[in-house]
Structure formats: C-alpha cells, structure tokens
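Participant:
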Amino acid sequence: MSLTVLWCDEFVRLDPCEGAALDGENQAPEAPPVLLTAARGGAVSFQLLVGPLGSGREALVGPGGLSGPDGARIAASQFDVFVEWYHRIDEKWWPDALVPQDLCGGSTPGLRRRMGLPGAARFAGFWVDLHVPADAKPGSYSGSVAVGSGREVVQVPVRVEVAAARVPEKPCLDASFNNYVDSVSAPWPEVKANPRRFWTERYRRIERGAFRCVHDHRAFLHYLPYTHAGYVHGDFAPPLAGEGPRKRVADWSDWDRHFGPYFDGSAFRGTRRGAVPVPRFWMPLNINWPADFLKFGKPGYAAEWRAVGKQMVEHFRRKGWTGTSFDMFPNQKQRFRFVPWDLEEARFLPDQDVHRYFRPIWESSFGPKAARPVRFNYTLGSTWTYHIDIRSDLAEFIDLFIAGTAGPAWYPEELERLHRNGRQVWSCTSSGSIVNPTRAAAFTPLVMWMRGLDGFMPAWCSMVGWGGDVWHDVPGKGSTTFLYPGSELGSEETCPSLRMKVMRNAMQTVDLLDAAARRSGGAAVRGKVSRLLGFRPADWYMKRPAYVDRKLPKDWVGADYATEEPPAVGWQKVPSSGWRALGRLAAGMARGR
Amino acid sequence: MARNAKSRTLRLAAVRRELAEVARVGQMFIDGDLIAEAYHPHSKTFMCGDDMDFNPAAFLPLKMTMLRLERLSRVPCATTLWRRRPDMPDRGEALVLGSFGSPHAGDKPANRGYQPKPMFPELAGAFLKGRTTWKTTRSPGARNMAERGMGARILGLGGPAFLEVFVPVRDSMGEITGVLEVFTAAE
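Protein chains in written order, with this note's numbering: chain A, 927 to 1519; chain B, 36 to 222.
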C-alpha cells in the first residue's frame, strides 16, 4: 500500500486509526497542495496526516525552502515540525501534545508505542509551523515538504500567499499563563526530590523551558512564587536582613542570576520571537513579604515595605529592567485560613479595605512616581465585586483588575473611563479542553479583544497542570494543561500543545485587527468582524441581569444566577469557515507599512 | 537548644518538652473568648468556601499570638487553632493556621460538598476531656514542610512524620472554646 499524505488546517483534528475528523465540521482532510495565507512576521500552521504506516515503519517530515516573487526565498529553517501525540479521552484518540520532531526523530514505532496507540492506528499526525520573516517580500511562494516512510518519499507541494500585512512584534493583549511555583519540576522526580532544587542549574533549565515555550506563543508564564501562608518558595525572593526602616535585601546576586535573564530578554535568545523581555512577572510581594506579617497594621510593617521597596526600585533601575511589568498579585484567600480576608475574589466588601490599607504604602514604594521608569503593577482579582470596585476609590489605585468573564462583559461602558485613567482590565475565562473543538482556544483572544480588554487568563487557575501523568492521562481533559513537560522524551524542554498553537494563531489575527483598528478606528474594525461572523456589536457583551445592581454580591443566590442569559457569542457559534474568513479579513485590513 | 534547629538532630524527648512548653504558654496567651468571634455571625455555620467570612478584629489577634508562639519555640514548629462547629459539635474544624497548615486541617472548604470532619481521638481528647494529647502522623508532607524550614531530624521518631501536641484553650467562663495544636515536621 503506498504512502498517502493529506493535509488540514488547525480547525480540524484527525484520529490516527481511520484518519476521520474529530472536530471542525467533520471536514475530511484534503489532498495536497497545502494552501496557506500568512502575514509577515507571523506563523502559519498546517497539519499533515501520513499513512497508512506499516508495522515498524516510521514517518518523517522534511520541509524544503520556498521560492517567492523576484527570486525571494523563505528558508527551510523557517519551518518547525512537530509530531502529534495522541491522548485517549472519552474512547477517542485526540492529538494535543506536540513533540518537536528533532526531539523524537519523527513518528517512530517506539514513539507510537509510548503513546499507547493500538495496532489499528495506521496514521501519524504532524503539525507544521511556518514562520514567515517580517521582511519577506509579499507575494506567492511555493515549494514542497518531503514526507518519508522507509524508502517511500512523497513530495507535498506547499503554496503560501504572503500578505503585505505584518504581525506586530508586541501582542496587543496580555495572555497570562497563570501558574504556581513549583509546578514544573514534578515530571522530573529526582529534581523535585531535591530540597535545594531552585538553586540548581537543572531546575532553572526546566523552568526556563516552560517560560520559553509560552513566550514563543505570544503569551507569558505568570508564575506565582508564594503560598497562601505567605511563604515564598526557595530563591524566588532575595534574602532579607534587618528590621523596620533598616530592612534590606542582603544579597541580589542569586535572584538576579535566576530571574534577570527574563527581564533583559536573554532567557529567550534563540526562540522564534527572540530576546524580548517577559512582559509581566509575578513578584514575591505579598502580605508576608517583604514585611513581616506579624507587624501588620503597625508602623514597622509599612516601614519594611518602604525600605525594601526603595532598594528594589533602585536596583531594577540600575539593571535597566524597564521592559517588564513587575506585578504584585495579592492572592491569599480566607478559605485557606491563614488570613481573615479574601485578598482576591472578595465577596464581602469590607475585605477590600486591606487594599486601601496598602494603597499609601504601595504608592510611596512602587507607584509610578516612585518607580519610573521601572513599572510595578498592583493587581486585584475582582470577580464578585468587579462592578463595585471599578466605581470605587480602588479604581484610582489598582493598576490591573483581573475580573471574571461576566463583569467586564456586563459593564462595557466603564472600560473607556478605566482606560483613560490608566487602568487595565483582564478576564479570566475557560478556553476549553482537548475534547472541545480547537475553535474554543481561538475564540478566547478574539472575544477579549472585541470587548476592548487588555488581556486575559485563558484558564482559571493553572495552565501547567503537570500533576500525574499528563502524557497518558491528562487531568481535566487538558483544560488546565496547555503545555507538556519534555520529561517523557528525556528532554528538559517544554512541548507546546496543539491548542496553544491555535491560540497563538488567533492572537496573531487579533494583533492584525488591532493594527487595523489603530489606523481606521476600533469601532469600524470591530463592526466588520461582527458582520463577518454574523453577530451584532452588542452580542459580544452580556446582558446584565437585574440582580447585579439590586443586591450586594454577598446576597446573590442560585435563583439570581438562573436569571442570567447565555452570551450571544461563543466558539460554538463561529464555525471553522468563519475563522478562516476572519484570518483573511485581518490580513487584508492590516496592510503592511 | 538553638532556635533554628533545622539542621540539627534532636532527641524526641527534648522536642516533646519544647512543644509542650509552647503549647502551655499558648493556653495562657490565646484569648479563648476571641475564638467564638473569629467568624462573623452569618458565617459561623458556613458550608462552602464562598460563605466563609472571618472577623479580622478577632482573627488577627489570634493569628499574631500563634505566630509569636512559633517564634518563641526553640524547635521549628507551627500552630493551628481548632474550633468545634456550633452546628455540629462532634466536628472539629481548623479555624486559624499559623505559618503552616496542620496535617489534619484538610483542604480548603470547597464550594460544593464541604463536610467538616468528625474529631479524631486526640482532638476529641482535648476538646471533650480537657486533656493534653499527642499524635504522630506519618506523612510525606512532612518532608515538604521540612524543606520550607519547618522541621528537624528527630532521633527516635523517624520520618517523614509530624509530631503534634493538642491542648485545650478556655474562655473567660472557663469553657473549652478551642484547641491549640503545636506541631513540627520530622525529616
């Protein structure tokens, strides 16, 4: 039986037994040529389904260079090839983890055995990214990708229409892959077992692998370094000495060595996006650091914040770390019983007075006037009380409101004022699991941009759910696992997921839309998007239920929630064809400079 | 005995003496009247995490006393203050955690299906009979806590394990309103 190669885009996933579509609108994979449209400076993706593979046969993908207008070339090195790893969920085999082909040598019998694939699985899936250089000449490019298995080699023609539009280097939305220390070392038991691991190069390489992987997908790992007790892990805070106004950082050297490369961008050298500083970073700042919580409410508590804060600002200035927002995220909640407040997601309004207590301390230590040109942000997780907080004095102080999905969608009229005053608003949301169509991951950045938000957390809680055996039994069907540890392949690197790729591509689309909006106005661009996808502009928001303004959050009950109307938009309502059309619209609207 | 004894090997008897002493001091310094006030009235019988609402005016003095007790100790230790559920008197529930959570404090009360657990014998002994009780809990979690500086090598105990002492705390009427747990982690 001869080798067949079919292709599909990112909105169709194919099962490895019959090659049947698992999602999309059941589109069958197509015969080559692979036809792509790309903007410059961005990545464009496609999948290859290769088979049937005889027993003991491997499959390999070897991209070649592309030829374009007037002798222009896109080098073969601009392709990244990944082997799709299949996960058994709900009696089906779903591709999600993407193993760099360089790491595993292709879809080998050994790799497929590791996946646990049955003998009936005759197909191998590949994900291919093409990174179009920012200075590529617009026009039509063509070339081929060689797919080999044993002695058979199939040349798959690839045609790419490179648009004049250029994907901005800096994403217009913050995509926070929130996560908690130490969630990265568990897949390496010998690393996890070492109580001094944070100081080892090995741990740091593993951690850096996760940061780099997320960075390359237009997002950032937001890695919260302290517990609900206020304990800061390992070396995630520099050592302190002294008390009261004499409290100080005793030694920066180890902290700088560990984290400095994220702030000057050198940790990201060699990635596709290059050595760009991480845009945001969770600091160890919390109710128990740098000040001793035992002194809370007393003069010495504020004095310790101010003394260490001043020193920190001066140190960061000297280092020139001005490309990162250093964020404080008060995360402690009373349900953990270490503190008597919900410092985020407060339901009872008096809890917010803690932030009012912090305001003068923060403003004099880390506020814009005190810290410029270094940027520190005080963030507030505000879900139940978002609508009250943004209309209170907190809105004069909080730099970033991290809201739920509903709050900003219920109160769109407040955003302009918040933005005018320099405030930022994100939503936490869900971007689906492995068994949802990949459109769920694409929809998140789009809906956030359509609502005018500044960023989002794609999933509540964690994006690196590496507890247990994520490769063979991914927890929660992958809803909190958007990247995978390379430990399965004997590597310290981090592997992306297929959904992460889809989200990145959608972020590129949004960045193109945003570039167009900056030229021709946000309302016009958003109007075009709505019309294309069959929505009214108001559909992107949510109808505010009456109880929200009538009652305080502490009095909301189930009967109130039952009065809420489902949002008019959703990934379920945008078919794959809509996404493809949106990609073309975005590239067309954002003309190159 | 140095205060930070983490790197030292200590004898079990000496550790027990120190924990007992800290607990004895705690019985005197923890204000038993505040225990009933630690939750706002509407929250005292909460059955899910979202309904928990502490009263900082009572919680904070309790917490600060617990932190001071931990620092008083010459053995790295942590404290947990327990209450009896007013609506389920046979249930014990961790009320305030000091620097680290007791191995018996359980997970955070969830939003659905939270059920306070029945008192374990040592907790019941302190609550119902006013006794000082001891408990050794074998748990790999002790290693994690020791990693964070809250543990010692304890000769005669083995590890990883928690060594815990429970003492009753009384209010101004002489009633037992809480139980103070003082514990350390054996590496």
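Heads up, the beta-carbon is just placed ideally off N, CA and C, and yes, glycines get one too.
Given the structure is predicted, the values throughout are model-derived calculations rather than measurements.
Would you give the residue range spanned by the beta strand (DSSP E) that T1250 of chain A belongs to?
Facilitator: Looking up residue 1250 of chain A in the first sequence gives position 324. From DSSP, T1250 of chain A is part of no beta strand (DSSP E); its letter is neither H nor E.
Participant: In angstroms with no decimal places, state the Cα-to-Cα distance between L47 of chain B and Y1157 of chain A.
Facilitator: Numbered from its first residue, the second sequence carries residue 47 of chain B at position 12. Numbered from its first residue, the first sequence carries residue 1157 of chain A at position 231. So the two alpha carbons sit approximately 27 Å from each other.
Participant: With a cut-off of 8 Å, does the C-beta of E182 of chain B fall near any C-beta of chain A?
Facilitator: If you number the second sequence from 1, residue 182 of chain B lands on position 147. At least one chain A Cβ lies under 8 Å of E182 of chain B.
Participant: May I ask you to verify whether the region 984–999 of chain A touches the region 1067–1075 of chain A, counting CB pairs closer than 8 Å and requiring at least 3?
Facilitator: The answer is yes - the region 1067–1075 of chain A touches the region 984–999 of chain A, with three or more Cβ pairs under 8 Å.
Participant: Assign A1526 of chain A to one of two classes, buried (16 or more other C-beta atoms within 10 Å of its C-beta) or exposed (fewer than that).
Facilitator: No statement about residue 1526 of chain A is possible, as the shown extent of chain A runs from 927 to 1519 and does not include it.
Participant: Residues of the region 1145–1173 of chain A with a CB closer than 7 Å to any CB of chain B: list them in chain order, please.
Facilitator: Answer in chain order: A1155, Y1157.
Participant: Candidates A:K1427, A:D1190, A:R1206: which alpha carbon is nearest D1325 of chain A's?
Facilitator: One-based indexing of the first sequence puts residue 1325 of chain A at position 399. Per the Cα distances, A:R1206.
Participant: Run the CB neighbour count on L1212 of chain A, radius 10 Å, all protein chains shown included, and call it buried at 16 or more, exposed below.
Facilitator: Translated into the one-based positions of the first sequence, residue 1212 of chain A becomes position 286. This sequence places Asn at residue 1212 of chain A; Leu is not what is there. Buried is the call here.
Participant: Between A:V960, A:S928, A:F1008, which lies nearest to L979 of chain A when the distance is taken from Cα to Cα?
Facilitator: Start at 1 with the first residue of the first sequence, and residue 979 of chain A comes out as number 53. When only C-alpha atoms are compared, the closest one is A:S928.
Participant: DSSP on Y1410 of chain A, reduced to helix/strand/coil?
Facilitator: What you label residue 1410 of chain A is simply residue 484 of the first sequence in a count that begins at 1. Strand, per DSSP.
Participant: According to DSSP, is R983 of chain A helix, strand or coil?
Facilitator: Counting from one through the first sequence, the residue named residue 983 of chain A turns up at place 57. Three-state result, R983 of chain A: coil.
Participant: In chain order, what residues of the same chain lie with their CB nearer than 6 Å to the CB of W1397 of chain A, ignoring the 5 residues before and after it?
Facilitator: For the purposes of this step, residue 1397 of chain A is taken as the residue at position 471 of the first sequence. Counting only Cβ-Cβ distances below 6 Å, and skipping sequence neighbours, we find E1414.
Participant: How many whole angstroms separate the CB atoms of E1010 of chain A and P1026 of chain A, which I take to be in contact at a CB cut-off of 8 Å?
Facilitator: Numbered from 1 along the first sequence, position 84 holds the residue referred to as residue 1010 of chain A. Numbered from 1 along the first sequence, position 100 holds the residue referred to as residue 1026 of chain A. With 8 Å as the limit, E1010 of chain A and P1026 of chain A do not qualify as a contact, their Cβ atoms being about 12 Å apart.
Participant: Which of helix, strand or coil does DSSP assign to K1118 of chain A?
Facilitator: Counted from its first residue, the first sequence places residue 1118 of chain A at position 192. The answer is helix: DSSP assigns K1118 of chain A an H, G or I state.
Participant: Go through its chain and collect everything with a Cβ distance to G988 of chain A's Cβ below 6 Å, but skip five positions before and after it.
Facilitator: One-based indexing of the first sequence puts residue 988 of chain A at position 62. A1072.
Participant: Counting only beta-carbon atoms, is R1346 of chain A nearer than 8 Å to chain B?
Facilitator: As a working mapping, residue 1346 of chain A is identified with position 420 in the first sequence. Answer no: the Cβ-Cβ gap between R1346 of chain A and chain B never drops below 8 Å.
Participant: Using a Cβ-Cβ cut-off of 8 Å, state whether L102 of chain B counts as contacting chain A.
Facilitator: Position 67 of the second sequence, counted from the start, is the residue given in the question as residue 102 of chain B. Chain A contact via Cβ: present.
Participant: List in chain order: all unbroken alpha helix (DSSP H) runs of 4+ residues lying wholly within the region 140–197 of chain B.
Facilitator: List check, alpha helix (DSSP H) in window: 156–164, 176–182.
Participant: Starting from C934 of chain A, trace the alpha helix (DSSP H) both ways and give me its first and last residue.
Facilitator: Position 8 of the first sequence holds residue 934 of chain A. No alpha helix (DSSP H) holds C934 of chain A; the beta strand (DSSP E) holding it covers 930–934.
Participant: Hey, could you find the ends of the beta strand (DSSP E) W1020 of chain A is sitting in?
Facilitator: For the purposes of this step, residue 1020 of chain A is identified with residue 94 of the first sequence, where counting begins at 1. Per DSSP, W1020 of chain A belongs to the beta strand (DSSP E) from 1018–1026.
Participant: Can you tell me which of the three DSSP states A37 of chain B falls into?
Facilitator: As a working mapping, residue 37 of chain B is identified with position 2 in the second sequence. In this prediction, A37 of chain B scores a pLDDT of 39, lower than 50, which makes its location untrustworthy; the coordinate-derived value is nonetheless stated afterwards. If DSSP states are grouped into helix, strand and coil, A37 of chain B belongs with coil.
Participant: Report yes or no: is there a C-beta of chain B within less than 8 Å of the C-beta of W1522 of chain A?
Facilitator: With chain A running from 927 to 1519 in the structure shown, residue 1522 of chain A is simply not present.
Participant: So is P1363 of chain A in contact with chain B if we call contact Cβ pairs under 8 Å?
Facilitator: If you number the first sequence from 1, residue 1363 of chain A lands on position 437. No, no contact with chain B.
Participant: Taking contact to mean 3 or more Cβ pairs, one atom from each stretch, closer than 8 Å, check whether the region 1238–1247 of chain A and the region 1311–1322 of chain A are in contact.
Facilitator: Because the criterion of three Cβ pairs below 8 Å is not met, the region 1238–1247 of chain A and the region 1311–1322 of chain A do not touch.
Participant: Taking CB distances under 8 Å as the criterion, tell me whether F1261 of chain A reaches chain B.
Facilitator: Here residue 1261 of chain A is taken as the residue at index 335 of the first sequence, counted from 1. Correcting the residue type first, residue 1261 of chain A is Arg in the shown sequence and not Phe. Judged by the 8 Å Cβ criterion, R1261 of chain A is in contact with chain B.
Participant: Compute the Euclidean distance between the alpha carbons of A40 of chain B and R1198 of chain A, then round it to the nearest angstrom.
Facilitator: Position 5 of the second sequence, counted from the first residue, corresponds to residue 40 of chain B. Position 272 of the first sequence, counted from the first residue, corresponds to residue 1198 of chain A. Note on A40 of chain B: pLDDT 44, under 50, position unreliable in the model; the coordinate value appears next. If you take the alpha carbons of A40 of chain B and R1198 of chain A, they lie about 49 Å apart.
Participant: According to DSSP, simplified to helix, strand and coil, what is T212 of chain B?
Facilitator: Position 177 of the second sequence, counted from the start, is the residue given in the question as residue 212 of chain B. Three-state DSSP puts T212 of chain B in a strand.
Participant: Listing by chain order, which chain B residues have their CB less than 7 Å from the CB of R1273 of chain A?
Facilitator: Translated into the one-based positions of the first sequence, residue 1273 of chain A becomes position 347. By Cβ distance, chain B contributes D85.
Participant: Figure out for me which residue from A:C943, A:D1465, A:P1401, A:G950 has the closest Cα to the Cα of F937 of chain A.
Facilitator: Start at 1 with the first residue of the first sequence, and residue 937 of chain A comes out as number 11. It is A:G950 whose Cα lies nearest to the Cα of F937 of chain A.
Participant: What does a CB cutoff of less than 6 Å around A1228 of chain A pick up in its chain, not counting 5 residues either side in sequence?
Facilitator: Numbered from 1 along the first sequence, position 302 holds the residue referred to as residue 1228 of chain A. Closer than 6 Å at Cβ, skipping near neighbours: I1287.
Participant: Looking at P1035 of chain A: is its Cβ nearer than 8 Å to the Cβ of G982 of chain A?
Facilitator: Counting from 1 along the first sequence, the entry for residue 1035 of chain A is found at position 109. Counting from 1 along the first sequence, the entry for residue 982 of chain A is found at position 56. In contact: P1035 of chain A and G982 of chain A (Cβ atoms closer than 8 Å).
Participant: So, does the CB of P195 of chain B fall closer than 8 Å to a CB anywhere in chain A?
Facilitator: Here residue 195 of chain B refers to the residue found at position 160 when the second sequence is read from its first residue. False, the Cβ-Cβ gap to chain A never drops below 8 Å.
Participant: In angstroms with no decimal places, state the Cα-to-Cα distance between R59 of chain B and D122 of chain B.
Facilitator: Residue numbering aside, residue 59 of chain B sits at position 24 when the second sequence is read from its first letter. Residue numbering aside, residue 122 of chain B sits at position 87 when the second sequence is read from its first letter. Looking at the two C-alpha atoms, the distance is approximately 29 Å.
Participant: Do you know offhand how far G1518 of chain A's Cα is from L1372 of chain A's?
Facilitator: Numbered from its first residue, the first sequence carries residue 1518 of chain A at position 592. Numbered from its first residue, the first sequence carries residue 1372 of chain A at position 446. Note that G1518 of chain A has pLDDT 44, beneath the 50 cutoff, so the model's placement of it is unreliable and no number is given.
Participant: Under 8 Å, Cβ to Cβ, is there at least one residue of chain B near P1121 of chain A?
Facilitator: Translated into the one-based positions of the first sequence, residue 1121 of chain A becomes position 195. By this cut-off, P1121 of chain A is an interface position.
Participant: For a contact defined as C-beta to C-beta under 7 Å, what are the partners of F1264 of chain A on chain B?
Facilitator: In the first sequence, residue 1264 of chain A corresponds to position 338, counting from 1. Chain B residues near F1264 of chain A: L132.
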